[in-house]
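Engineer: The structure under discussion is supplied below as structure tokens; questions concerning it will follow.
6 protein chains.
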Amino acid sequence: MTDPSVPPVQLVPGNSLITKTPEEGRQLAIKMARLVIKVTQPDAATRERLRPVYADDPAMLIAIGHTVALEFATIAAANKYWT
Amino acid sequence: MTDPSVPPVQLVPGNSLITKTPEEGRQLAIKMARLVIKVTQPDAATRERLRPVYADDPAMLIAIGHTVALEFATIAAANKYWT
Amino acid sequence: MTDPSVPPVQLVPGNSLITKTPEEGRQLAIKMARLVIKVTQPDAATRERLRPVYADDPAMLIAIGHTVALEFATIAAANKYWT
Amino acid sequence: MTDPSVPPVQLVPGNSLITKTPEEGRQLAIKMARLVIKVTQPDAATRERLRPVYADDPAMLIAIGHTVALEFATIAAANKYWT
Amino acid sequence: MTDPSVPPVQLVPGNSLITKTPEEGRQLAIKMARLVIKVTQPDAATRERLRPVYADDPAMLIAIGHTVALEFATIAAANKYWT
Amino acid sequence: MTDPSVPPVQLVPGNSLITKTPEEGRQLAIKMARLVIKVTQPDAATRERLRPVYADDPAMLIAIGHTVALEFATIAAANKYWT
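Sequences listed follow chains A, B, C, D, E and F, in order.
The opening residue of the first sequence carries number 1 in this note's numbering; numbering runs sequentially from there.
The opening residue of the second sequence carries number 1 in this note's numbering; numbering runs sequentially from there.
The opening residue of the third sequence carries number 1 in this note's numbering; numbering runs sequentially from there.
The opening residue of the fourth sequence carries number 1 in this note's numbering; numbering runs sequentially from there.
The opening residue of the fifth sequence carries number 1 in this note's numbering; numbering runs sequentially from there.
The opening residue of the sixth sequence carries number 1 in this note's numbering; numbering runs sequentially from there.
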């Protein structure tokens, strides 16, 4: 499962889309969305500086919500909607 | 179902995507969209301050509608479209 | 079907995604998109004031079209594309 | 098929998502995207005035392309990808 | 297959979504995205003038990537993911 | 598999959407998103100049995340979610 070319940032925690519950699927969606940001902007100090910018900007908060919804759609399908 | 690592905000009310009707599915979509905002901006006072900003901005209202539509697509598929 | 916690705005007219024709499905998509706006900005006077803003702004008109397309995708799938 | 409550603008030309070819499916996607704009901004003179605005703005041209792609995804699925 | 109402711009090269490989599917996605722009802004000189605008704007480059991803999703499904 | 009309940039590394794990699928999604940017802006120096612009802009970082999520949805479906 490990591979010498794997980047320092793990993009899919646990390397699986399968979760026990919708709640955990939603948490995974948020984590996966954040990890793409992390790999695109690897500098932790910069990410920390940007946090209050988007957290106080309603348009960006909505855009984050949109991205999480899209990640979640994939995770939900992978889990056959937990039904 | 509960887990010590669950964050204070519950992301999927009832921990299920299944609803009795489309109307309840739509309400769930709106709640799930809001809960991502809540977990990204946990400060209630800030969220309250931002509310009139987006509620008076047509572009943001449209973007909220877009996000809800995407959440609803997943919920509707989970419920096999209530048919 | 009715429930004491149902909000004053009905989000899915007829509480069903099933329509007789694609044309009616498209009308439902537009209505559902508008009803999310209505529940987010419940003040009718404000919505009326915002109408000429987005109706004269090509970027917002395109964004509305995008949201309706997404709502319609769900409705079309629910109706098995009316085939 | 006709109905007294049908709005003046027909939203789905031919009231069907089925087309003979992908090319015709793409044309339908463009038409359907335009008809949502038309129903949101019913004044023809205003739409005519807005045309050069979006036709000269690369961000809006890209956004139009995005919306057409989404409409087309639904039409393509309805036609089982013409295969 | 030809039809007197077909516009001068062909929107789907080859009038098919089927390609031999993912690589060719991706090329088709890019072409289809460009052809919607072409039909919306038919003037070649204007399109040429806009090219450096979006090619130097990271937000627009990202938006182009988004649109191509959506076109590709449809093409990939049409080809059953080439598996 | 090779073809004289293939452009200099390969758009789908390995010419396949199939990966061994979700992690590798996510890496492929990021690469595919970047390769569309590369083919749209082929000048490496320009791309290098734009990198700090989007890497310091939270709205653009979110938009990149959105595009990657969409590419990943297709890759995940192609791999039947690795289940």
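A virtual CB, placed ideally from N, CA and C, is assigned to each residue, including glycine.
(1) Can you find a CB in chain D that lies within less than 8 Å of the CB of E23 of chain E?
(2) Helix, strand or coil for D3 of chain A? Go by DSSP, reduced to three states.
(3) Is there a Cβ of chain E sitting closer than 8 Å to that of M1 of chain F, yes or no?
(4) Which value, in whole angstroms, describes the spacing of the CA atoms of A10 of chain F and I18 of chain B?
(5) Please list, in chain order, the chain E residues whose beta carbon lies closer than 8 Å to that of V9 of chain F.
(6) Reducing DSSP to helix, strand and coil, say where Q27 of chain A ends up.
(7) So with Cβ pairs under 8 Å, would you call T19 of chain C a contact of chain D?
(8) Which whole-angstrom value describes the C-beta separation of P58 of chain A and L28 of chain B, a residue pair presumed to lie in contact below a C-beta threshold of 8 Å?
(9) Taking just the CA atoms, how far does H66 of chain A sit from T35 of chain A?
(10) Roughly how many angstroms separate the alpha carbons of T40 of chain D and V53 of chain C, rounded to a whole number?
(11) By the DSSP assignment, the alpha helix (DSSP H) with T74 of chain C in it spans what residues?
(12) Give every residue of the same chain whose Cβ lies closer than 7 Å to the Cβ of I30 of chain D, excluding the five residues on either side of it in the sequence, and list them in chain order.
(13) Step through the CB atoms of chain E and report whether any lies within less than 8 Å of the CB of Y54 of chain F.
(14) For the alpha helix (DSSP H) containing V53 of chain B, list its first residue and its last residue.
(15) When the Cα of R47 of chain D is compared with those of C:I37, C:G25, C:L61, which residue comes out closest?
(16) Using the C-alpha atoms, what's the distance from A76 of chain C back to A45 of chain D?
(17) Can you say whether T74 of chain C is buried or exposed, counting buried as having 16 or more other CB atoms within 10 angstroms of its CB?
(18) Evaluate P22 of chain A with the Cβ neighbour count: other Cβ atoms within 10 Å of its Cβ, from every protein chain shown; 16 or more gives buried, anything less gives exposed.
(19) Rounded to whole angstroms, what is the Cα-Cα separation between F72 of chain C and R26 of chain B?
(20) So M76 of chain C contacts chain B; which residues on that side make the cut at Cβ distance below 7 Å?
(21) Give the straight-line distance between the Cα atoms of M32 of chain C and E24 of chain C, rounded to the nearest whole angstrom.
(22) What residues of chain D sit near I30 of chain E, judged by a beta carbon separation below 7 Å?
(23) May I ask you to report which of helix, strand or coil DSSP gives P84 of chain F?
(24) Which whole-angstrom value describes the C-beta separation of A78 of chain D and T83 of chain C, a residue pair presumed to lie in contact below a C-beta threshold of 8 Å?
(25) In the structure shown, what three-state DSSP assignment does L20 of chain A receive?
(26) Looking at the ligand GDP, does it come within less than 7 Å of L70 of chain D, judged from the CB to the closest heavy atom?
(27) Once DSSP output is grouped into helix, strand and coil, what is the label at T40 of chain E?
(28) Can you tell me which of F:S16, F:K20, F:D43 puts its alpha carbon nearest to the alpha carbon of P8 of chain F?
(29) Quick one: does I115 of chain F have its CB under 8 Å from some CB of chain A?
(30) Does any CB atom of chain D fall closer than 8 Å to the CB of L33 of chain E?
Structural biologist: If we stick to the structure as given:
(1) Taking the first residue of the fifth sequence as position 1, residue 23 of chain E is located at position 23. No, its Cβ sits nowhere closer than 8 Å to a Cβ of chain D.
(2) For the purposes of this step, residue 3 of chain A is taken as residue 3 along the first sequence, with counting starting at 1. The pLDDT assigned to D3 of chain A is 47, lower than 50, so where the model puts this residue is not dependable; a value taken from the coordinates is nonetheless given after this. Of the three classes helix, strand and coil, the one that applies to D3 of chain A here is coil, per DSSP.
(3) For this step, residue 1 of chain F is matched to residue 1 along the sixth sequence. Residue confidence for M1 of chain F is low, a pLDDT of 41 falling below 50, so the modelled location carries little weight and cannot support an answer.
(4) Here the question's residue 10 of chain F lines up with position 10 in the sixth sequence. Here the question's residue 18 of chain B lines up with position 18 in the second sequence. Reading off the sequence, residue 10 of chain F comes out as Gln, not Ala. Taking the straight line from one Cα to the other gives about 42 Å.
(5) On the sixth sequence, position 9 is the one that residue 9 of chain F refers to. Near V9 of chain F there are no residues of chain E at all, since even the closest Cβ is about 10 Å away, more than 8 Å.
(6) Locating residue 27 of chain A in the first sequence gives position 27, where the first residue counts as 1. Helix.
(7) Within the third sequence, numbered from 1, the residue matching residue 19 of chain C stands at position 19. Cβ-Cβ to chain D under 8 Å: no for T19 of chain C.
(8) Within the first sequence, the letter at position 58 stands for residue 58 of chain A. Within the second sequence, the letter at position 28 stands for residue 28 of chain B. No, P58 of chain A and L28 of chain B are not in contact; Cβ-Cβ is about 22 Å, not under 8 Å.
(9) Along the first sequence, read from residue 1 onward, the residue named residue 35 of chain A stands at position 35. Along the first sequence, read from residue 1 onward, the residue named residue 66 of chain A stands at position 66. Correcting the residue type first, residue 35 of chain A is Leu in the shown sequence and not Thr. The alpha-carbon atoms of L35 of chain A and H66 of chain A are separated by roughly 16 Å.
(10) As a first step, residue 40 of chain D must be located in the fourth sequence, where it is residue number 40. As a first step, residue 53 of chain C must be located in the third sequence, where it is residue number 53. Going by the C-alpha atoms only, they are around 12 Å apart.
(11) As a first step, residue 74 of chain C must be located in the third sequence, where it is residue number 74. Note, T74 of chain C: alpha helix (DSSP H), 58-78.
(12) Locating residue 30 of chain D in the fourth sequence gives position 30, counting from the first residue. Excluding sequence neighbours, I30 of chain D sits near V68.
(13) Numbered from its first residue, the sixth sequence carries residue 54 of chain F at position 54. It does: the Cβ of Y54 of chain F has a partner Cβ on chain E nearer than 8 Å.
(14) Working through the second sequence from its first residue, we reach residue 53 of chain B at position 53. First-last of the alpha helix (DSSP H) with V53 of chain B: 44-55.
(15) Taking the first residue of the fourth sequence as 1, we reach residue 47 of chain D at position 47. When only C-alpha atoms are compared, the closest one is C:L61.
(16) As a working note, residue 45 of chain D is residue 45 in the fourth sequence. As a working note, residue 76 of chain C is residue 76 in the third sequence. A45 of chain D and A76 of chain C: Cα-Cα distance of roughly 32 Å.
(17) Numbered from 1 along the third sequence, position 74 holds the residue referred to as residue 74 of chain C. Per the 10 Å Cβ criterion, buried.
(18) Locating residue 22 of chain A in the first sequence gives position 22, counting from the first residue. Per the 10 Å Cβ criterion, buried.
(19) Along the third sequence, read from residue 1 onward, the residue named residue 72 of chain C stands at position 72. Along the second sequence, read from residue 1 onward, the residue named residue 26 of chain B stands at position 26. When the Cα atoms are used, F72 of chain C and R26 of chain B turn out to be separated by approximately 14 Å.
(20) By one-based count along the third sequence, residue 76 of chain C stands at place 76. Per the sequence presented here, residue 76 of chain C reads as Ala, with Met not at that position. Contact annotation for A76 of chain C against chain B: no contact, minimum CB-CB distance about 10 Å [criterion: below 7 Å].
(21) Counted from its first residue, the third sequence places residue 32 of chain C at position 32. Counted from its first residue, the third sequence places residue 24 of chain C at position 24. When rounded, the distance between both Cα atoms is 12 Å.
(22) Within the fifth sequence, residue 30 of chain E is the residue found at index 30, counting from 1. Correct list: empty, because the minimum Cβ distance to chain D is about 11 Å.
(23) The question about residue 84 of chain F has no answer here: the residues shown for chain F are numbered 1 through 83.
(24) For the purposes of this step, residue 78 of chain D is identified with residue 78 of the fourth sequence, where counting begins at 1. For the purposes of this step, residue 83 of chain C is identified with residue 83 of the third sequence, where counting begins at 1. About 7 Å; that satisfies the 8 Å criterion.
(25) Taking the first residue of the first sequence as 1, we reach residue 20 of chain A at position 20. Before going further, note that residue 20 of chain A is Lys rather than Leu in the sequence given. It is coil, neither helix nor strand.
(26) With respect to the ligand GDP, the structure shown offers nothing to examine, as it has no ligands at all.
(27) As a first step, residue 40 of chain E is located in the fifth sequence; it is residue number 40 there, counting from the start. If DSSP states are grouped into helix, strand and coil, T40 of chain E belongs with the helices.
(28) As a working note, residue 8 of chain F is residue 8 in the sixth sequence. Of the listed residues, the one whose Cα sits closest to P8 of chain F is F:D43.
(29) Because chain F in this structure spans residues 1 to 83, residue 115 of chain F falls outside the shown range and cannot be described.
(30) Your numbering for residue 33 of chain E matches position 33 in the fifth sequence. A quick correction: the sequence has Ala, not Leu, at residue 33 of chain E. It does; some Cβ of chain D falls within 8 Å.
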